[in-house]
Structures are given as structure tokens and as C-alpha cells.
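Novice: Before anything else, here's the structure in question.
2 protein chains.
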Amino acid sequence: MRLVNKTRYAILGVLLDAPASGYEIKSLMGRSTAYFWRESDSTIYPVLKVLAKDGKVLSEIAYVGKKKKEVFSITEAGQAEFKAWFDSPTGDETPRNEFLLKLFFAINRDEVTRLFQERLEKLKKMCEEYKKIEERLESISDSPRRAIRLKALKYGIAHLESEIRWLNEEKNQ
Amino acid sequence: MRLVNKTRYAILGVLLDAPASGYEIKSLMGRSTAYFWRESDSTIYPVLKVLAKDGKVLSEIAYVGKKKKEVFSITEAGQAEFKAWFDSPTGDETPRNEFLLKLFFAINRDEVTRLFQERLEKLKKMCEEYKKIEERLESISDSPRRAIRLKALKYGIAHLESEIRWLNEEKNQ
DNA sequence: GTCTTCATGTAAGCCGTTACATGATTAA
DNA sequence: TTAATCATGTAACGGCTTACATGAAGAC
Numbered sequence: 048m049r050l051v052n053k054t055r056y057a058i059l060g061v062l063l064d065a066p067a068s069g070y071e072i073k074s075l076m077g078r079s080t081a082y083f084w085r086e087s088d089s090t091i092y093p094v095l096k097v098l099a100k101d102g103k104v105l106s107e108i109a110y111v112g113k114k115k116k117e118v119f120s121i122t123e124a125g126q127a128e129f130k131a132w133f134d135s136p137t138g139d140e141t142p143r144n145e146f147l148l149k150l151f152f153a154i155n156r157d158e159v160t161r162l163f164q165e166r167l168e169k170l171k172k173m174c175e176e177y178k179k180i181e182e183r184l185e186s187i188s189d190s191p192r193r194a195i196r197l198k199a200l201k202y203g204i205a206h207l208e209s210e211i212r213w214l215n216e217e218k219n220q
Numbered sequence: 048m049r050l051v052n053k054t055r056y057a058i059l060g061v062l063l064d065a066p067a068s069g070y071e072i073k074s075l076m077g078r079s080t081a082y083f084w085r086e087s088d089s090t091i092y093p094v095l096k097v098l099a100k101d102g103k104v105l106s107e108i109a110y111v112g113k114k115k116k117e118v119f120s121i122t123e124a125g126q127a128e129f130k131a132w133f134d135s136p137t138g139d140e141t142p143r144n145e146f147l148l149k150l151f152f153a154i155n156r157d158e159v160t161r162l163f164q165e166r167l168e169k170l171k172k173m174c175e176e177y178k179k180i181e182e183r184l185e186s187i188s189d190s191p192r193r194a195i196r197l198k199a200l201k202y203g204i205a206h207l208e209s210e211i212r213w214l215n216e217e218k219n220q
């Protein structure tokens, strides 16, 4: 079975809301999905080209003042592809948790303490970031999807907080 | 900065305990680290070759009955490399949570319900698998690392259970 | 005038997966 | 004798990251 490029779907999903340029998609994801789905800087543009070639998006040149940009909108074929992915069962990701791997190989309490400490700090930072995104989302005007998107974020936050609690309980034993 | 192949460290970590063949490493990981660190079938052997070439492991041909196998043991250089990785800060993995991505793009309650349901079933299965591994670990004779390894597993289980609770609470709203 | 942000890419190379291959031994 | 498990790989392909590149517009 062939691996599918899920960046495609992330991009199509963003375009369902409104047409956007590559740059806009990139920064939009940075401000919203970044903490559960991040693309590296340069992937968006080539994927957009492929999507255009496949007839899943249409491109149009737009001007903002004198600035030129290439704005993409999703086609019906693109919507169909998105829906097919959305409705298909979510694949297992190969588990790769470096923190747990290290914990598994730890041999004494000092090492465990250090790993826990490091993990705690990282999780707290992530938690703050999630909450910033949450605030931003809460401040924007109500849309049909806002409630669900908030839920996705709250899910992430609840998840992080439970992990933080567990680490705090365990580290003092 | 170059991406490092973390499979190296997983293998070196296993070999810290005792020498083993590629096949043994593979099945050992299948029975222990599988739920936070899985390697695909054919990666172990080539990585072992590279490790041998780099002087991080030594190989020796052993016979079990008439069966031949290549047993690898870790060298001092290998132990040093492992320790360097172990002590270095744990890198961020690029977040790629397909479930949250889909949730983010959901537009109505039915879709959310379906996603939650699917996720719940998957988590329950994983939880059972973790618990099987836990039982196996608990049944073996005490070793200096057993307690820590149990902790790594309990961490995973606690994590899953909190996620399951959250989903159950949310899905009835 | 210089810095930030907007805006868009290319190229090299590692990494990892899937599929493909092979063959021996042992238990039922 | 047939299936499962032990045992070890190769090849092709696609995916993704990093580093490298470029340049315009607007803010200060």
C-alpha cells in the first residue's frame, strides 16, 4: 500500500474555508494547526503545484496593492478527495516517542528525574502555546466550525495537562 | 543540522542489556518498546551493518543447534554514542496527529461523533496491548531496570486512559 | 536606508517504508 | 508435510528536511 501525502489534505482542508495563497496557508497553519500538524516551510508550494496539476485546486493571480500573489481555490474534485480522506479510517502512525524510549533505557533514579524534568518543561511550554491559540480562536467571530476547532484545541490542552499532572505526581516518589 | 537516525540508539539501548541477533532485537522490541517505538521489519539489519562498520557493535557468528545467527554486542564506542544521545536534550518531533487534523476540519456533530468513536476504539485496543506487555514485564524476575521500564509503560497507560475518559465525557454532549 | 514581512521557490540528500526475496529448522 | 517461526536481507520509491536562493513592498 502506498503512503499518501497528508500535506495534501491539510492544504485542501484549509482551502475549504476560503481561497488562499501558499504563504497564507503556511501562516494560517502556523497560527492554528501548528501544535498537532506542522509542515516545514518549503513543502506547501510544491504540493500546491501538484494539486493544481491534478485539478484539485485552481490558481489565479491576485494583486494586493502592487503585490502579486497566486491564490488557490479548491475545485469539486478537490472537495471529493478531501472528503474521501476525511471519511476513510485514520491510519496508525508508527509510534516514535523519544522521551519514552529514553525512559525505557534509564538505569537509575537520577536519570529518570532528569528526563521527567525536561519533559515537564517542554509540556508546560506547549501548553502555553496551545492556550494562546485558543485565545485567538475564542476572540474571532463565531463561525460554524469555531466550536469544533475549540474542541480540538481543548482536547490537546486536556491531554497535556493530564500528562503534566502524572509527571508531577511521579517525580516525587 | 543533520537528522540522526534514532533507530541506532534504540538498537544500542537494547544491546546494553545483552548481545543479540538482528532477529532477536526485532522481536524484543516487538514485545517491549512496540507501543512507543516501533521499527519496520527490514530496518534493523542494515542499521546493524552500519553500526558494525562504525565500530559501535561487534558481530560474532553463533550456533543454536544447527541454526546460524549473527550475534551483535555493543562496544565501548557504542556505549559512548548511546550515552551522548541519552544525555542530549530530547528533540521536538514535528507534530502529526491525523485525528486532531480531521477533528479540526469537521463541520458537524455527526462527523465529530464518528471521529471520537473511531478514536476510542483504537485507544482501547492500544490500552489492552500495553497491559499485556505490562503483565509480561511484571512476571519476569526482578532486574535493576524492571521498575523503570514498568514506569514507562504505566506512563503510557495512564496517558491513554486519560484520553479515553476525555473522549467519553465529551461525546455525550 | 534598513529591517521586517510578504511571497515563492529549488536542490541535495537522508530516512524510512513497502514489496520483494530466500531458505533453514522445528513442531504438529 | 505443511505451517509457523527463525533468520537475513535487497531494491525502489516516495517523503520530508535542511540549506540555499531571490526579490519586492511597506514600515520606521
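Chains as they are written, first to last, in this note's numbering: chain S, 48 to 220; chain A, 48 to 220. The C-beta atom is built at its ideal place from N, Cα and C for all residues, glycine as well.
Going straight from the alpha carbon of residue 48 (chain S) to that of residue 66 (chain A), what length do you get?
Specialist: At residue 48 (chain S), the pLDDT of 38 sits below 50, so the modelled position is not reliable; the number obtained from the coordinates is stated separately. Approximately 35 Å, taken between the alpha carbons.
Novice: Take residue 50 (chain S) and list the residues in its own chain whose beta-carbon comes closer than 8 Å to its own, dropping the five residues that flank it on each side.
Specialist: Residue confidence for residue 50 (chain S) is low, a pLDDT of 48 falling below 50, so the modelled location carries little weight and cannot support an answer.
Novice: Go ahead and pull the three-state DSSP assignment for residue 186 (chain A).
Specialist: helix
Novice: Looking at the C-beta of residue 171 (chain A), does it have a partner C-beta in chain S at a distance below 8 Å?
Specialist: no
Novice: Using the Cα positions of residue 156 (chain A) and residue 212 (chain S), report the straight-line distance between them to the nearest angstrom.
Specialist: Near 30 Å, if we compare the C-alpha coordinates of residue 212 (chain S) and residue 156 (chain A).
Novice: For residue 119 (chain S), list the residues DSSP reports as bridge partners.
Specialist: S:67, S:106
Novice: So if DSSP puts residue 143 (chain S) in a beta bridge, which residue, or which two residues, is it bridged to?
Specialist: A:84
Novice: Just mark residue 144 (chain A) as buried or exposed, buried being the case when its beta carbon has 16 or more other beta carbons within 10 Å.
Specialist: buried
Novice: How many whole angstroms separate the CB atoms of residue 90 (chain A) and residue 151 (chain S), which I take to be in contact at a CB cut-off of 8 Å?
Specialist: Not a contact, Cβ separation roughly 18 Å.
Novice: With respect to the alpha helix (DSSP H) encompassing residue 195 (chain S), which residues constitute its N-terminal and C-terminal limits?
Specialist: 193-218
Novice: Assign residue 60 (chain A) to one of two classes, buried (16 or more other C-beta atoms within 10 Å of its C-beta) or exposed (fewer than that).
Specialist: In this structure residue 60 (chain A) is buried. Its beta-carbon is surrounded by 16 or more other beta-carbon atoms within 10 angstroms.
Novice: Can you find at least 3 beta carbon pairs, one from the segment 157-177 of chain A and one from the segment 103-113 of chain S, that sit closer than 8 Å?
Specialist: no
Novice: Evaluate contact between the segment 119-137 of chain S and the segment 73-88 of chain S, counting only Cβ atoms and requiring at least three cross-stretch pairs below 8 Å.
Specialist: no
Novice: Could you confirm whether any beta carbon from chain A is found closer than 8 Å to the beta carbon of residue 67 (chain S)?
Specialist: no
Novice: So what does DSSP say about residue 50 (chain A), is it helix, strand or coil?
Specialist: With a pLDDT of 47 at residue 50 (chain A), under the threshold of 50, the predicted position of this residue should be treated as unreliable, though the coordinate-derived value follows. Three-state DSSP puts residue 50 (chain A) in coil, outside helix and strand.
Novice: What do you reckon, are the CB atoms on residue 185 (chain S) and residue 167 (chain S) nearer than 8 Å?
Specialist: no
Novice: Would you call residue 141 (chain A) buried or exposed, if buried means 16 or more other Cβ atoms sit within 10 Å of its Cβ?
Specialist: exposed
Novice: According to DSSP, which residues form a beta bridge with residue 114 (chain S)?
Specialist: S:111
Novice: Once the 5 residues before and after residue 170 (chain S) are set aside, which same chain residues still bring their CB inside 8 Å of it?
Specialist: 207, 210, 211, 214
Novice: Given that residue 62 (chain A) touches chain S, what residues does it touch there, using C-beta distances under 9 Å?
Specialist: The premise fails here: residue 62 (chain A) is roughly 11 Å from chain S at the closest Cβ pair, so nothing lies under 9 Å.
Novice: Specify, as a first and last residue, the run of the alpha helix (DSSP H) that residue 91 (chain A) falls within.
Specialist: 91-100
Novice: So, with DSSP's three-state summary, where would you put residue 57 (chain S)?
Specialist: Reduced to three states, the DSSP call for residue 57 (chain S) is helix.
Novice: Suppose you measure from the CA of residue 123 (chain A) to the CA of residue 216 (chain A); what does that come to, to the nearest Å?
Specialist: 51 Å
Novice: Can you tell me whether residue 193 (chain A) is buried or exposed, with buried defined as 16 or more other CB within 10 angstroms of its CB?
Specialist: exposed
Novice: Using a Cβ-Cβ distance under 8 Å, would residue 119 (chain S) count as near chain A?
Specialist: no
Novice: According to the neighbour-count rule (16 or more other Cβ atoms, all chains shown, within 10 Å of its Cβ), is residue 72 (chain A) buried or exposed?
Specialist: buried
Novice: Given a cut-off of 8 Å on the beta-carbon distance, is the pair residue 119 (chain S) and residue 95 (chain S) in contact?
Specialist: Yes, they are a contact pair.
Novice: Alpha carbon to alpha carbon, how far is residue 137 (chain S) from residue 63 (chain S)?
Specialist: 20 Å
Novice: Under a CB-based cut-off of 8 Å, is residue 185 (chain A) close to chain S?
Specialist: no
Novice: Rounded to the nearest angstrom, what separates residue 106 (chain S) and residue 125 (chain S) at their Cα positions?
Specialist: 13 Å
Novice: I want to verify the contact list: residues of chain S whose CB lies under 7 Å from the CB of residue 203 (chain A), in sequence order.
Specialist: 147
Novice: In three-state terms, what does DSSP make of residue 153 (chain S)?
Specialist: coil
Novice: Measure the C-alpha to C-alpha separation of residue 191 (chain S) and residue 158 (chain A) and round it to an integer number of angstroms.
Specialist: 13 Å
Novice: Just confirm the distance between the C-beta atoms of residue 181 (chain A) and residue 200 (chain A), as a whole number of angstroms; I'd bet it's less than 8 Å.
Specialist: 5 Å
Novice: Taking only beta-carbon atoms, is residue 159 (chain S) less than 8 Å away from chain A?
Specialist: yes
Novice: Just checking: is the beta-carbon of residue 128 (chain A) within a distance shorter than 8 Å of some beta-carbon in chain S?
Specialist: no
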